[in-house]
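What follows is a single structure, written as structure tokens, with notes after it.
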Amino acid sequence: MLIDDDDFFLILNKDILTLTNPDTGIIQFNSAISALEWMKKTIQDHEKEWPENILLDIRMPFMNGFDFLEKLKEFPLSHIRNIKVFMMTSSLDERDYIKAQHYPFVYSYFTKPLTIEMIEEIESMELKEWNEGTGS
Amino acid sequence: MPAKNPHSPNTSLEYQELKMKYDELQLRVTRFSVIEQELIHARNQMDKEVLIYRQMQQFNSKAQEDITDDYYCRLVTESLLEIFEIEIAFICIDIPNSGNSAVRHMEGYALNEEQKFELHLYMINLFADLPSGTLRSFEPRTSDKIRTILPVRHLMVTQVRDPHLNITITLMGGITDKGSPFYEPIRKDREAAFTVFSQQVLTNETNRFKTHTIQEQFDALSIEQKRITSIAENFLNFDTNPDKNIQRIVDLSEQLLSGNCSVYEKLENDLLFTSLSYRQLGYRNKESVEKTCYKLTHLSGSDIVCQQITEELLKQFNCPWLRQFAGFTFLGSVLRIDKKPIGTLAIILDSTVAINDSIFQLARILTAAISVEERRKNALKALSESEEKYRMIFEGTPNGIIVADPVIQRFQYINLSACQLFGYTEEEFLNLTLEDLHPVETAAEVMRQFKALANGEIKMATEVPCKHKNKSVFYADISTSRISFGGRSLLAGFFTDVTQRQFDQQAIIKNNIELKKINSELDNFVYSVSHDLRSPLLAIMGLVQLINSNHQSAEALQKYISMIAASATRMDDTIKEILEYSRNARLEIEVSEVDFKTLISEIFEDVRHISPEKITLELNIKQDHPFYSDSNRISTLIKNIISNAVKYRKKGTVNSFININILVTPSEALLRFEDNGEGIDEIHQERIFEMFYRASNSAPGTGLGLYICKEILNNIDGSITLDSVAGEGSVFTVTLKNKHK
Chain A
206 MLIDDDDFFL ILNKDILTLT NPDTGIIQFN SAISALEWMK KTIQDHEKEW
256 PENILLDIRM PFMNGFDFLE KLKEFPLSHI RNIKVFMMTS SLDERDYIKA
306 QHYPFVYSYF TKPLTIEMIE EIESMELKEW NEGTGS
Chain B
19 MPAKNPHSPN TSLEYQELKM KYDELQLRVT RFSVIEQELI HARNQMDKEV
69 LIYRQMQQFN SKAQEDITDD YYCRLVTESL LEIFEIEIAF ICIDIPNSGN
119 SAVRHMEGYA LNEEQKFELH LYMINLFADL PSGTLRSFEP RTSDKIRTIL
169 PVRHLMVTQV RDPHLNITIT LMGGITDKGS PFYEPIRKDR EAAFTVFSQQ
219 VLTNETNRFK THTIQEQFDA LSIEQKRITS IAENFLNFDT NPDKNIQRIV
269 DLSEQLLSGN CSVYEKLEND LLFTSLSYRQ LGYRNKESVE KTCYKLTHLS
319 GSDIVCQQIT EELLKQFNCP WLRQFAGFTF LGSVLRIDKK PIGTLAIILD
369 STVAINDSIF QLARILTAAI SVEERRKNAL KALSESEEKY RMIFEGTPNG
419 IIVADPVIQR FQYINLSACQ LFGYTEEEFL NLTLEDLHPV ETAAEVMRQF
469 KALANGEIKM ATEVPCKHKN KSVFYADIST SRISFGGRSL LAGFFTDVTQ
519 RQFDQQAIIK NNIELKKINS ELDNFVYSVS HDLRSPLLAI MGLVQLINSN
569 HQSAEALQKY ISMIAASATR MDDTIKEILE YSRNARLEIE VSEVDFKTLI
619 SEIFEDVRHI SPEKITLELN IKQDHPFYSD SNRISTLIKN IISNAVKYRK
669 KGTVNSFINI NILVTPSEAL LRFEDNGEGI DEIHQERIFE MFYRASNSAP
719 GTGLGLYICK EILNNIDGSI TLDSVAGEGS VFTVTLKNKH K
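So this is what it looks like as structure tokens:
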């Protein structure tokens with residue numbers, strides 16, 4: 206799942222992902238709100254389709270990446286424990302990086318643009334073991 | 019006669035016998051008569067004697083009354099005339115030691131003082147070398163000297179003396195030629211009575227003299243007592259003004275010495291005051307006295323003598339010291355305070371004044387008095403200095419000081435600063451209580467703080483709310499301390515007005531908050547700018563990566579290259595906007611005439627190509643007056659609004675429009691921008707002018723455009739309002755001030 210307000214990055218990311226893994230199912234949103242709405246609907250409708258990896262832009266209007274992460278916490282644990290979130294940012298601000306550490310489902314923090322090396326890293330990541338209370 | 023006598027023979031014998039008996043009887047009768055006569059005479063004599071002594075007795079009782087010398091003399095002479103049945107009487111009382119001249123009195127004959135004196139001299143010669151009490155009775159010869167003074171035919175004189183008191187009394191009684199037919203010469207038998215009388219006169223006179231002397235001594239004693247009382251009173255009534263006291267001492271010394279002196283007081287080698295017997299010298303005021311003293315000083319060298327006296331006295335003497343010089347007597351005495359010599363007192367006496375104990379006594383008294391006065395003066399000076407010092411501290415300090423009596427719960431002393439702080443006068447303060455000085459709401463807390471202060475738990479009560487007379491509240495730091503004053507334990511409160519400090523603190527806090535806000539804005543700005551500048555760059559890097567990878571179709575490559583170009587444009591736009599922002603913040607306002615028509619047409623030509631679809635511009639300008647403002651800023655403002663209308667048009671429609679209505683008045687310009695674009699949701703309308711706030715993601719943007727608009731309007735005196743319905747369109751109304759040249 207790709208979330209970025211910048212259309213250019215959505216195109217860019219989709220193209221590079223398709224280039225490396227042509228079989229990967231990609232779903233993209235240009236706002237965090239529409240992404241959340243889709244996810245809620247998916248749970249409601251008991252659809253099997255559920256994102257495995259989320260590439261999340263931090264700086265977006267209305268709802269930024271961190272707001273999205275807060276909303277994500279409210280999802281059932283059974284669903285979010287299977288998600289790996291990768292933060293994508295164009296800023297060089299360290300505070301964003303530190304803030305991102307507080308979310309257990311954030312696996313890594315990348316500076317744009319998405320590169321083939323990053324995709325390889327994402328693929329190599331294994332799902333964390335979730336302990337009681339870690340998600341709070 | 020025998021015939022007639024029948025008893026003839028016998029008759030003769032009987033006759034003889036009878037005759038003899040008769041004669042005998044006759045003789046006896048005669049003798050008896052003589053005796054009787056003698057007896058009568060003796061009785062008369064006795065009566066006369068008794069009368070004399072009674073008269074003497076009367077004289078005595080009169081003489082013992084408190085009468086003057088003159089009256090006494092008259093009494094003596096009148097008594098002489100009466101008792102001794104004489105024509106003239108004279109008395110002379112001589113008391114050489116008394117200093118008074120002799121008292122003389124003549125009764126029965128007129129004599130002047132000179133004649134009385136001559137008569138007195140005659141008497142003295144008469145009794146020269148004769149013992150007291152000698153009586154002389156004689157008829158003076160015509161050649162006698164007394165006949166030249168008095169036409170006296172017979173006189174009786176006696177002189178009596180009291181050897182102890184040295185009183186001599188001469189008494190004279192006499193008959194003149196003129197009075198002789200009626201006055202017999204003084205009888206011998208009166209001589210004894212005269213002597214007795216003269217003794218009585220003397221006794222009376224000595225008694226009188228003794229009484230008089232005692233009275234004089236008594237008077238002297240009471241004068242002395244009065245003097246001492248006067249000195250005591252003078253010292254008791256010492257004035258608070260030291261100059262007056264010095265004058266008083268001067269007056270006193272003159273009074274005590276009754277004139278003939280001058281007083282010098284030398285303190286630390288300065289001649290502080292001088293005084294002279296100015297009444298005697300005929301001077302009335304102090305200046306002339308001082309001049310005289312100066313003259314005296316130079317003429318007699320008394321200053322040098324004073325110097326010598328001072329040196330001598332300081333060396334050895336503890337008591338007044340005397341020295342004669344140049345016809346004056348100098349009496350010196352050392353002035354001391356606590357046994358330390360502080361100067362010298364010199365009393366300069368006229369040589370006519372006899373030196374006696376009382377002058378020494380006076381010197382001692384004056385010395386003591388001046389020393390006491392000097393000490394008092396020093397003490398007063400020290401007191402007033404320390405009082406002055408504390409008053410200066412008390413009144414001069416900017417801190418308010420209030421001294422309260424905790425027992426009666428009343429304020430005792432309030433300094434000026436405290437009065438100013440609270441707005442009450444000192445008098446008003448005296449009727450206030452603690453409750454009047456602090457707002458009711460905080461009274462409990464204030465009392466708690468005061469208790470803590472009193473117990474020493476805290477050193478200072480900080481920012482205590484206090485109530486001014488006009489009910490306004492100010493804040494003060496209050497520290498207290500216990501002071502002991504006049505035997506009472508009082509509480510002093512020191513008030514420092516910290517209202518300004520608190521105000522300043524609040525201002526600093528406010529400034530700090532603003533600074534923090536600015537700082538965070540700046541931070542946000544840097545963050546956003548770096549993001550917005552980096553984003554297109556990072557996109558280009560990603561695109562380059564894609565282009566460089568293998569197996570790209572020509573179509574894809576074309577797409578990536580156009581995306582690179584768009585990204586570059588975006589970056590350029592961002593940089594331009596930042597420049598606009600900075601230009602507005604930095605550049606001075608340049609007023610020139612604004613041509614809205616040309617301006618808007620040019621802007622629209624620049625931005626219309628953003629939209630692939632056609633957009634209609636309708637421009638309507640009502641302008642009768644030229645409009646002046648900063649053209650560059652207005653251009654930026656209008657460009658941002660129009661480009662927003664173009665960027666956030668309703669995509670896919672063919673009838674997009676922008677209607678611009680402009681009305682220019684002499685005072686302002688009203689600009690109304692209406693579009694039928696996507697509109698702005700109500701939840702975003704409030705924040706849309708904030709820095710970097712983006713309400714829509716339908717077109718790329720920095721979130722700076724409208725923020726810059728608002729900033730521009732702040733600079734050129736304008737305002738902007740928004741009226742928009744999401745999905746239908748927006749109306750921006752801008753008001754601009756017409757800045758005439």
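Protein chains in written order, with the numbering used here: chain A, 206 to 341; chain B, 19 to 759.
Think of the CB as a built atom: it goes at the ideal place given N, C-alpha and C, for glycine as much as any other residue.
For clarity, every value in this text was computed on a predicted model and none was experimentally measured.
- The stretch 717-730 of chain B and the stretch 674-691 of chain B do not touch, with fewer than three beta-carbon pairs separated by less than 8 Å.
- With its beta carbon at least 7 Å from every one in chain B, Pro256/A lies outside the interface.
- Thr480/B is the residue among Ala574/B, Glu96/B, Ala525/B and Thr480/B whose C-alpha sits nearest the C-alpha of Gly511/B.
- Against Asn269/A, chain B offers no close residue; the least beta-carbon distance is about 11 Å (beta-carbon pairs closer than 8 Å).
- As for any beta strand (DSSP E) of minimum length 3 sitting wholly inside the stretch 457-528 of chain B, the runs are 479-485, 491-503 and 506-515, ordered along the chain.
- Taking 8 Å as the upper bound for CB-CB distance, Phe521/B and Ala494/B are not in contact here, some 13 Å apart.
- Within the DSSP bridge table, the entry for His123/B names Ile109/B as partners.
- Here Ser546/B has Phe710 as same chain residues with Cβ atoms under 6 Å from its own Cβ, once five neighbours each way along the sequence are excluded.
- Within the same chain, Leu93 come within 7 Å of Lys80/B by CB-CB distance, once the 5 residues on both sides are set aside.
- The residues Ile621, in chain order, have a CB closer than 6 Å to that of Lys657/B in the same chain once the five nearest residues on each side in sequence are set aside.
- Under the 7 Å criterion on CB atoms, Ser236/A is classed as interfacial with respect to chain B.
- For a Cβ distance threshold of 8 Å, residue set Asp210, Asn235, Ser236, Met265, Pro266 and Phe267 of chain A lies close to Asn715/B, ordered along the chain.
- Lys489/B is not a Cβ neighbour of Gly441/B, given a cutoff of 7 Å.
- Under a criterion of Cβ atoms nearer than 7 Å, the residues of chain B adjacent to Phe213/A are, in order, Ala557, Met581 and Ser585.
- Among the residues facing chain B, Pro318/A is included, as its CB has a counterpart in that chain under 7 Å away.
- Any Cβ of chain A closer than 7 Å to the Cβ of Tyr545/B would place that residue at the interface, and such an atom is present.
- At least one CB of chain A lies nearer than 7 Å to the CB of Leu564/B.
- Ser661/B has its alpha-carbon roughly 23 Å from the corresponding atom of Ser236/A.
- Nearest Cα to Lys228/B within the set Gln217/B, Thr415/B and Asn184/B: Asn184/B.
- A direct Cα-Cα distance of roughly 8 Å separates Ser507/B from Pro424/B.
- Pairing Ala717/B with Asp693/B gives a Cβ-Cβ distance that is not under 7 Å.
- Nearest to Glu103/B by alpha-carbon distance, out of Ser51/B, Asp84/B and Lys66/B, is Lys66/B.
- The beta-carbon of Arg500/B is placed no less than 7 Å from the nearest beta-carbon of chain A.
- According to the DSSP secondary-structure assignment, Thr188/B is paired through a beta bridge with Cys110/B and Gln177/B.
- Scanning its chain for C-beta atoms nearer than 6 Å, with the 5 sequence neighbours on each side dropped, one finds around Ser97/B the residues Phe77, in chain order.
- Residues of chain A whose Cβ lies closer than 7 Å to the Cβ of His549/B are, in chain order, Arg264, Ser295 and Ser296.
- Using a 10 angstroms sphere on the CB of Ile701/B, the tally of other CB atoms stays under 16, which defines it as exposed.
- For Leu740/B, no chain A residue has a Cβ inside 9 Å of its Cβ, as the nearest lies near 17 Å away.
- The residue among Asn677/B, Ser714/B and Gln177/B with its C-alpha nearest the C-alpha of Ser216/B is Gln177/B.
- With three or more CB-CB distances shorter than 8 Å, the stretch 664-675 of chain B counts as touching the stretch 618-635 of chain B.
- Closest option to Asp298/A, judged by alpha-carbon separation, among Pro309/A, Tyr314/A and Lys219/A: Tyr314/A.
- Under the Cβ distance rule, Gly560/B counts among the residues neighbouring chain A, one pair being separated by less than 7 Å.
- One finds Gly560, Gln563, Leu564 and Ser567 in chain B with Cβ atoms closer than 9 Å to the Cβ of Ile221/A, taken in chain order.
- If you compare the alpha carbons of Leu332/A, Met293/A and Asn269/A with that of Ser239/A, the shortest gap goes to Asn269/A.
- Secondary structure of Ser674/B (DSSP, three-state): strand.
- For Ser748/B, no Cβ of chain A is located within less than 7 Å of the residue's own Cβ.
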